[in-house]
Amino acid sequence: MELLALFSDFTVRTVAIGAALVGAVAGVLGSFALLRQQILLGDTLSHAALPGICLGFLIAGSRRLEPILAGALVSGALAALLVLLLTRTTRIKTDAALGVSLSLFFAFGTVLLTYLQRHAGAAQAGLDAFLFGQAAALVPRDLVVLAVVGGASLLVVVLGWKELKVTTFDADFARSLGRPVVLIEFVLTVLIALAVVIGLQLVGVILMVALVIAPAAAARQWARRLEGMVVLAAVFGAASGVVGALVSASYRGLSTGPVIVLVASAFVVVSLLLAPERGVAWQLMHALAQRRSLRAHRVLVDLYRLAQDHDDLDYASEQGMLDAYFGGPTGHVLRRLERRGLVSRAQHMPEEGTHWILTGDGRRQARELLTPFGERDAAVDGATP
Amino acid sequence: MTGLQGWLDQPGVTIVLVGALVGVAASLLGAFLVLRRESMLSDAISHSVLIGIVLAYLLTGALDSPLHVVGAALAGLLTVWLTDVLVRSRRVKSDAAIGLVFPALFAVAVLLINVYARDVHLDTDAVLLGEIGFAWLDVVRVGPLEVARSLLTMLVITLVNLAFVVFLYKELKLATFDAMLATALGFRPGLVGYALLALVSVTAVGAFDAVGAILFVAFVIVPPTAAYLVTDRLWRMLVLGCLVAVGSSVGGYALALSFDVSIGGAMASTTGVFLLLALIVGKHGIVARALRRRTPGPPPSILRERETGGAP
Chain A
1 MELLALFSDF TVRTVAIGAA LVGAVAGVLG SFALLRQQIL LGDTLSHAAL
51 PGICLGFLIA GSRRLEPILA GALVSGALAA LLVLLLTRTT RIKTDAALGV
101 SLSLFFAFGT VLLTYLQRHA GAAQAGLDAF LFGQAAALVP RDLVVLAVVG
151 GASLLVVVLG WKELKVTTFD ADFARSLGRP VVLIEFVLTV LIALAVVIGL
201 QLVGVILMVA LVIAPAAAAR QWARRLEGMV VLAAVFGAAS GVVGALVSAS
251 YRGLSTGPVI VLVASAFVVV SLLLAPERGV AWQLMHALAQ RRSLRAHRVL
301 VDLYRLAQDH DDLDYASEQG MLDAYFGGPT GHVLRRLERR GLVSRAQHMP
351 EEGTHWILTG DGRRQARELL TPFGERDAAV DGATP
Chain B
386 MTGLQGWLDQ PGVTIVLVGA LVGVAASLLG AFLVLRRESM LSDAISHSVL
436 IGIVLAYLLT GALDSPLHVV GAALAGLLTV WLTDVLVRSR RVKSDAAIGL
486 VFPALFAVAV LLINVYARDV HLDTDAVLLG EIGFAWLDVV RVGPLEVARS
536 LLTMLVITLV NLAFVVFLYK ELKLATFDAM LATALGFRPG LVGYALLALV
586 SVTAVGAFDA VGAILFVAFV IVPPTAAYLV TDRLWRMLVL GCLVAVGSSV
636 GGYALALSFD VSIGGAMAST TGVFLLLALI VGKHGIVARA LRRRTPGPPP
686 SILRERETGG AP
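If you read the protein sequences in the order shown, they are chains A and B. Okay, so the first sequence: first residue is 1 according to my numbering, each after it adds one. Okay, so the second sequence: first residue is 386 according to my numbering, each after it adds one.
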């Protein structure tokens with residue numbers, strides 16, 4: 001399977017462009033959902049899109065994308081309203097309200113889906129491709145629809161950047177500034193719904209939430225600022241979309257959604273492991289480096305103390321004695337210090353083994369290390385030279 | 386005996402019974418999930434048990450080996466554990482952890498079906514919609530009776546869940562409402578939680594044949610939520626939840642027949658009707674709340690509030 005050869009194919013190119021578009025938009029909008037901890041709302045919205053998809057098909061009578069996306073958006077909005085109604089007016093908690101909304105809308109969706117399949121010929125229209133996504137079903141004019149919807153939502157993000165950002169991180173602060181927080185939160189929820197809706201055809205209702213969250217979660221590990229996170233999430237999302245769509249298009253029978261989701265999940269795993277500062281591997285390396293430098297410091301100080309105790313700045317400490325003083329082998333630490341010019345070797349007699357002497361630099365550094373630990377060491381040292 | 390057999394031979398009876406058992410088994414556990422604010426874990430588990438089922442199928446080549454139950458329970462616990470690990474790494478929040486783990490496991494399962502099991506009954510539509518309509522076709526002999534296999538499976542699972550709730554009632558109640566006190570008294574609330582979620586996974590496998598993995602969530606969450614609006618007592622919530630589940634099974638089957646639609650979908654949708662009813666007539670429903678606002682009554686007794694503990 002040659003990816004490059006595939007790319008010259010017209011259908012495949014359509015799919016790749018569509019997938020890149022969907023992934024990028026989902027990544028950007030998902031960043032806000034992730035930071036506002038609204039991932040499970042995204043899950044609810046994507047499952048709840050199913051009845052809307054069916055109704056959009058029923059009303060338009062065809063598998064055109066616009067009515068289907070509009071239907072999905074409307075039923076997603078209704079599901080979000082149901083969650084709000086249940087949590088605001090009864091004692092039902094958010095998690096249960098989300099679960100109720102998700103399962104009831106999805107149940108009603110399956111009822112509609114089977115109705116359409118048995119009565120309105122939707123089986124031929126491949127409506128069930130919306131469950132897991134089907135890359136091959138993407139046609140060029142769908143790209144226009146996706147580009148318009150995606151472009152519009154990105155435009156909203158760019159224009160309202162400052163407001164969205166402040167509301168995401170500190171809604172109370174935004175309120176105190178007199179920003180219309182309720183409106184902004186509404187916009188953010190609609191954006192999450194749009195992120196879900198735009199990928200339904202490619203990824204499907206069940207797994208779309210993963211494409212919303214995974215690129216954002218991966219980007220979060222690398223970036224310290226929202227600007228960087230959003231851009232990186234867009235890149236990760238687009239890459240997941242393209243790779244996933246191409247792989248699924250080149251093996252017959254692979255659903256597109258799961259492949260895209262797995263690629264995006266791989267981005268998350270790699271980021272969790274490798275990202276600087278937050279990554280697991282990075283933190284391990286950091287801990288190792290810390291331990292190594294701590295060891296070097298201790299050996300330096302040991303040498304310095306031994307010299308002090310003998311009232312001899314150029315006192316040559318024997319390696320075995322240093323090991324005993326330090327409480328473990330110090331040979332490799334000393335050789336590293338030697339390379340940095342902080343200690344030098346002194347060989348008295350061949351049978352006596354290596355002795356080590358602090359250089360001027362080494363003495364200075366040891367003194368600096370000891371300064372924060374009280375006057376005594378520094379004072380004694382100040383008296384000696 | 387022949388009377389009973391004749392009764393069981395009617396497809397409708399088997400279908401309604403299987404649906405009712407799925408509902409009862411699910412809502413018994415669901416009551417505790419709703420009270421523990423872990424409802425969405427049932428959604429995650431219902432997706433990821435699929436990987437347990439698929440792997441068990443690939444290992445044994447059979448669609449109904451006992452290994453399925455083990456595989457599903459392990460997959461469910463794996464989901465919960467992975468979510469836990471991600472949250473404890475403090476690199477993602479709990480909602481994001483749930484949203485990362487179950488889609489990945491579900492995606493692997495669907496792809497395994499795509500690649501290795503395309504020609505068997507285990508297709509992706511069945512995952513979502515279930516095939517309760519064919520439940521009566523596959524029968525096993527129990528003594529003098531021929532019983533649908535899924536009916537038997539669900540009966541066993543329901544009895545196990547019932548035993549779990551009845552025998553561990555005190556522990557479950559304590560762990561749900563006051564995990565700190567439970568720990569202080571020497572119980573292991575974490576263990577109870579894991580046992581609960583393992584049973585949710587097992588029930589999901591049984592339900593998977595009948596109503597599909599995702600519709601199962603409706604049976605876990607909606608009946609207890611409806612009951613939660615009506616009563617303040619835990620045991621009443623459990624009983625009411627079961628009644629709602631049975632009612633949804635009967636009503637859903639009738640609706641599915643008259644509109645010729647997915648039976649599992651209709652049953653799950655019917656639970657919504659009961660929720661609507663609870664919102665209207667329940668003492669914590671919307672109507673009751675609106676009325677209470679207009680006529681302020683005496684403040685609720687602290688004792689009663691604590692015993693039924695709205696919020697732990």
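Even for Gly, the Cβ is constructed at its ideal location relative to N, Cα and C.
Along chain B, which residues have their Cβ under 8 Å away from the Cβ of residue i?
i, result
"Thr90(A)", "Leu614, Leu664, His669, Gly670, Ile671 and Arg674"
"Leu104(A)", "Ala603, Val607, Ala653, Ser654, Thr656, Gly657 and Leu660"
In chain order, what residues of the same chain have a beta carbon less than 7 Å from the beta carbon of residue i, not counting five sequence neighbours either side?
i, result
"Gly382(A)", "Residue placement at Gly382(A) is flagged as unreliable, the pLDDT there being 46, under the threshold of 50; the coordinate-derived value follows with that caveat. Nothing listed; no residue qualifies."
"Gln221(A)", "Ser271, Leu272, Ala275, Arg278 and Gly279"
"Val205(A)", "Ser46, His47, Ala49, Leu50, Phe130 and Leu131"
"Ala567(B)", "Leu559, Ala560 and Pro574"
"Leu660(B)", "Val607, Thr610 and Ala611"
"Leu86(A)", "Ile92, Ala97 and Val100"
"Gly71(A)", "Gly52, Ile53, Leu55 and Gly56"
"Ile17(A)", "Leu143"
"Asp428(B)", "Val602"
"Lys668(B)", "Val615"
"Trp392(B)", "Val398"
"Arg678(B)", "none"
Any idea which residues DSSP pairs residue i with across the strands?
i, result
"His119(A)", "None; His119(A) has no bridge partner."
"Val550(B)", "Per DSSP, none; premise fails for Val550(B)."
"Glu318(A)", "His355(A)"
Considering residue i, what are the terminal residues of the beta strand (DSSP E) in which it resides?
i, result
"Ala346(A)", "Val343 to Ala346"
"His355(A)", "His355 to Leu358"
"Ala533(B)", "Leu530 to Ala533"
"Arg526(B)", "Val524 to Val527"
How would you write the range of the alpha helix (DSSP H) that residue i sits in, first residue to last?
i, result
"Ala135(A)", "Taken as a continuous stretch (DSSP letters only), Ala135(A) belongs to no alpha helix (DSSP H), as it is neither H nor E."
"Pro140(A)", "Pro140 to Leu159"
"Tyr638(B)", "Leu619 to Phe644"
"Ala494(B)", "Ser479 to Tyr501"
"Phe593(B)", "Pro574 to Ala595"
"Phe10(A)", "Phe10 to Leu35"
"Ser427(B)", "Ser424 to Thr445"
"Ala223(A)", "First-last for Ala223(A): undefined, no H or E at that position."
"His332(A)", "Gly331 to Arg339"
"Asp469(B)", "Leu452 to Arg473"
"Arg292(A)", "Val280 to Asp309"
"Phe601(B)", "Leu600 to Val615"
"Leu273(A)", "Thr256 to Leu274"
Just the chain B side, please: which residues come within less than 7 Å of residue i by C-beta, in chain order?
i, result
"Val100(A)", "Ile606, Val607, Thr610 and Leu660"
"Gln221(A)", "Arg476"
"Ala214(A)", "Leu485"
Enumerate in chain order the residues of its own chain whose CB-to-CB distance from residue i is below 8 Å, with the five nearest sequence positions on each side excluded.
i, result
"Asp43(A)", "Leu98, Leu102 and Val209"
"Val145(A)", "Leu65, Glu66 and Leu69"
"Ala405(B)", "Ala630, Val631, Ser634 and Val635"
Any beta carbon from chain E within less than 8 Å of residue i's own beta carbon?
i, result
"Ile599(B)", "This model lacks chain E altogether, as its protein chains are A and B."
Can you list, in chain order, the residues of its chain with a C-beta nearer than 6 Å to that of residue i? Leave out the 5 residues immediately preceding and following it.
i, result
"Asp142(A)", "Leu65"
"Leu471(B)", "Val477 and Ala482"
"Ala20(A)", "Ala238, Gly241 and Val242"
"Thr655(B)", "Ser633, Gly636 and Gly637"
"Thr384(A)", "The pLDDT assigned to Thr384(A) is 45, lower than 50, so where the model puts this residue is not dependable, and the model offers no usable value."
"Phe373(A)", "none"
"Gly199(A)", "Val22, Ala26, Met208 and Leu211"
What does residue i reach in chain A if we use C-beta pairs closer than 8 Å?
i, result
"Leu557(B)", "Those within 8 Å of Leu557(B) in chain A number zero; the least Cβ separation is about 17 Å."
"Ala492(B)", "Leu207, Ala210, Gly257, Pro258, Val259, Val261, Leu262 and Ser265"
"Ala499(B)", "In the sequence on display, residue 499(B) carries Asn and not Ala. Per Cβ cutoff of 8 Å: Gly253, Leu254, Ser255 and Pro258."
"Leu496(B)", "Leu254, Ser255, Pro258, Val259 and Leu262"
List, in chain order, every chain A residue whose beta-carbon is nearer than 7 Å to that of residue i.
i, result
"Ala651(B)", "Val111"
Fill in: Where the region 412–429 of chain B meets chain A: residues whose CB sits under 8 Å from a CB there
Val419, Arg422, Glu423, Ser424, Met425, Ser427 and Asp428
Item to complete: Note down, in chain order, all residues in the region 17–50 of chain A with a beta-carbon under 8 Å from any beta-carbon belonging to chain B.
Response: Leu34, Gln37, Gln38, Ile39, Leu40, Gly42, Asp43 and His47
Practice prompt. Select from the region 106–122 of chain A all residues with a C-beta closer than 7 Å to any C-beta belonging to chain B, and list them in chain order.
Written response: Phe106, Ala107, Phe108, Thr110, Val111, Thr114, Tyr115 and Arg118
Worksheet item: If you measure beta-carbon to beta-carbon, which residues of the region 474–489 of chain B are closer than 8 Å to chain A?
Response: Ser474, Arg476, Val477, Lys478, Asp480, Ala481, Ile483, Gly484, Leu485, Pro488 and Ala489
Worksheet item: Mind listing which residues of the region 128–143 of chain A have their C-beta closer than 7 Å to chain B's C-betas, in chain order?
Response: Asp128, Leu131 and Phe132
Fill in: Members of the region 276–309 of chain A near chain B, C-beta cut-off 8 Å
Arg278 and Val280
Discussion item. Along the region 626–647 of chain B, where does the CB come closer than 7 Å to a CB of chain A? Name the residues.
Written reply: Residues passing the 7 Å Cβ filter: Phe644, Asp645, Val646 and Ser647.
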